[in-house]
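K.L.:
Structure provided below as structure tokens; questions to follow.
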Amino acid sequence: PSICSLPFLDKICQKIKHTIDYKVPLKDFDQDNFSDLSYFRGYDWRGKDCNDLNDTVYPGRSPRNWDIQHDSNCNGIWGIDPEDGIPYEKKFCEGTDSKGVILLADSAGAHFHIPPEWLTAETMSLKTFSNLPLTIFNEFDWPQFSGYTGFLNSTIGGWTESIYLHLRDRNRCNHRDYQSISKNGGSSKNIMGFIESLARKKKLDKPAIVIYSMVGNDVCNEYTDTLAHMTSPKDLHDDVMKVLKYLNSRLPDGSHVILQGLADGRFLWDHLHNRYHPLGQLNKDITYEQLYTFLSCIQFNPCNGWMSLNETLRNLTSQRAFQLSSVLEEIATLKFSSFDMLYVNFSIAAIADEWHKLGGKPWQLIEPTDGFHPSQNALALGAKLVWQEVLQKWPHVLGKPNPFNKDIVRVFGDQGGH
Amino acid sequence: LPSAVTCTGCVLLVSVIEQLAQVHNSTVQKAMERLCSYLPEHLYLKMICQGAAEFFGPDLIKLFTSKANADVVCHALNLCRKQPGLPYCHLYPPPKEGLEMSIKKAQRIVKSSVLLRKLTAF
């Protein structure tokens, strides 16, 4: 606050505050909620704007005049095939049921990650903190590697696999059509405070697959009497219905909404409590049990229910999470005019089974620094499982594979990259 | 929340400095310089680190010399606060002589500290 009171920093501070509060890009000249800057809610979070001076050009829109003159939806496909005079966008994308991915999520969806190298004195070097500024600008989230909207190869270990990348591989016309509307601490209680940054025009844009994935904060809080502060099934129902009504007013017809259940966070204690935290590796003196107790003591524990020594409390927290997941499952049977709905689990147990098949250990599925969030590996495997489940049970949601994918790559290469 | 962030940040940073000194078999002063040298110039991170090292350095050196761990250092510098009626919060196992005793001893060491007076006033 004291730095921002300096007159010459006042405006930039206000801009940054607006970006953080409303989850919109900092640099966005044409105010279309898409940016050509990666961080500060830019294209790490939603598809890169290929013209930031024209608000009719942005990822996810239906092509304008088949993009004969320029690439109005930034998917890298534009112009006319000189051989037959047919616009490429019409030739390759018309009738292919192309669509985008929009994530409404918490820190797990946004991929909260604090590199453990920052706390590991033994391996610390000049390279260790090179990503610190970017991490600060992205609110300690790494959506560019996440399981929902990730599009870059992971530089923080593991690999990137995401719903967006799968959908793009299925239909190259979906290139750059992703949005991560997510927030650290996001839950059903506060989502209406930032959902308005969702950029989708009902009449102008392509349909979208919206994934509602608030996997923990409705049962996780820092309060000592944590149970009393958890979301009740009724409140969850009311809040999610508000979200769905809002989405119904914003999403183009033919969209889909995937409601994802809450995690069972007992996994955290079960697999971490007696392991050493990165800070305790050198002298074998700090376990996650100690970390959780310390965080609870200073009232900074993000999840007093699950990150607790008290087994009864951990079980009660899971019980509430199951109740809330059941509410979401029930809501998913409702009908809306703009979209259909389906429900998927966030099953850390299923992810652990997959990881076990690859020779991994369960603790590797949890962020080492905070001992709370899903790791890169967990998110990648989670994306694979969700994709497979949707493909198997509701293939219409994903659309058919585009038979012109190879032609698109042949003509447009990497489609301008991300 | 701000006090929890301050306390967590202090314990983490002091731990890293302590471990850097241990790994490189160097003084605390050198460990702080080393940590700052690893930080990028962007956002004045290196400059802020050097400023903080200059500000906290003398007290940290005194406290480390007396074998205080990160919990004790942060309580002694008032960056972690004990809530009335509740025990001291700690990340590390308590020292042999007890956490309260160690913190009181550490507080005596930095009693005359200019830094501490400024922090308390703040």
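If you read the sequences in order, they're chains S and D.
Each step along the first sequence adds one to the number in the working numbering, with nothing skipped, and position 30 is 10.
Quick note, the working numbering runs 13 ahead of the 1-based positions in the second sequence.
Where a beta carbon is used, it is the ideal one built from N, C-alpha and C, also for glycine.
(1) How many Å lie between S:Y272 and D:K59 at the Cα?
(2) Can you check which of these residues, D:S79, D:P106, D:G98 and D:Y105, is closest to D:K117 by C-alpha distance?
(3) Just mark S:S167 as buried or exposed, buried being the case when its beta carbon has 16 or more other beta carbons within 10 Å.
(4) At 7 Å on the CB atoms, spell out the chain S contacts of D:H55, in chain order.
(5) Rounding to the nearest angstrom, what Cα-Cα distance links D:C93 and D:S16 in this structure?
(6) Using the C-alpha atoms, what's the distance from S:Q303 back to S:G196?
(7) Please identify the residue among S:E310, S:R41 and S:P258 whose C-alpha is closest to the C-alpha of S:L216.
(8) Whose C-alpha, out of S:Q372, S:A360, S:K386 and S:G397, is nearest the C-alpha of S:I136?
(9) Starting from the beta carbon of D:L33, find every residue of chain A whose beta carbon is closer than 8 Å, and list them in chain order.
(10) Would DSSP call S:I94 helix, strand or coil?
(11) Taking S:S160 as part of the beta strand (DSSP E), name the residues at either end of that continuous run.
(12) Taking 8 Å as the threshold (C-beta atoms), are S:P113 and D:L56 in contact?
(13) Would you please verify whether the beta carbon of S:L259 is less than 8 Å from any beta carbon of chain D?
(14) Candidates S:L275, S:P381 and S:L365: which alpha carbon is nearest S:N151's?
(15) Is S:Y2 buried or exposed, if buried means 16 or more other CB atoms sit within 10 Å of its CB?
(16) So which residues on chain D does S:D205 lean against when the C-beta distance must stay under 8 Å?
(17) Taking the continuous alpha helix (DSSP H) assigned at D:A66, which residues delimit it?
(18) Tell me, to the nearest whole angstrom, how far the beta carbon of S:G285 is from that of S:V199; I am working on the premise that it is less than 8 Å.
(19) Using the C-alpha atoms, what's the distance from S:Q372 back to S:I60?
(20) Does the structure place the stretch 21 to 31 of chain D close enough to the stretch 41 to 57 of chain D that three or more beta carbon pairs sit under 8 Å?
(21) Would S:I175 and S:Y226 be called neighbours here (beta carbons separated by less than 8 Å)?
(22) Note down the Cα distance separating D:F77 from D:D84, rounded to an integer number of angstroms.
(23) Identify the contact partners of S:S110 in chain D, using a Cβ-Cβ distance below 8 Å as the criterion.
(24) With a threshold of 8 Å between beta carbons, is S:D265 in contact with chain D?
(25) Who are the neighbours of S:C277 on chain D, taking C-beta pairs under 7 Å?
(26) From the beta carbon of S:L262, is the nearest beta carbon of chain D less than 8 Å away?
(27) With distances taken between CB atoms, is the gap from S:L339 to S:N357 smaller than 8 Å?
(28) Quick check on the DSSP output: the alpha helix (DSSP H) that includes D:S50 runs from which residue to which?
(29) For S:T140, which beta-bridge partners are listed by DSSP?
(30) If you follow the beta strand (DSSP E) that S:H236 is part of, which residue opens it and which one closes it?
P.N.:
In short, the structure shows the following:
(1) 31 Å
(2) D:S79
(3) buried
(4) P113
(5) 7 Å
(6) 13 Å
(7) S:E310
(8) S:A360
(9) No chain A is present in this structure, whose protein chains are S and D.
(10) coil
(11) Y158 to S162
(12) yes
(13) yes
(14) S:P381
(15) exposed
(16) Per Cβ cutoff of 8 Å: no residues; S:D205 is ~15 Å from chain D at best.
(17) L58 to T78
(18) 6 Å
(19) 37 Å
(20) yes
(21) yes
(22) 12 Å
(23) P53
(24) yes
(25) C102
(26) yes
(27) The sequence shown places Gly at residue 339 of chain S, not Leu. Cβ distance not < 8 Å, so S:G339 and S:N357 don't count as in contact.
(28) V41 to Y51
(29) Partner(s): none; S:T140 has no beta bridge.
(30) S235 to Q240
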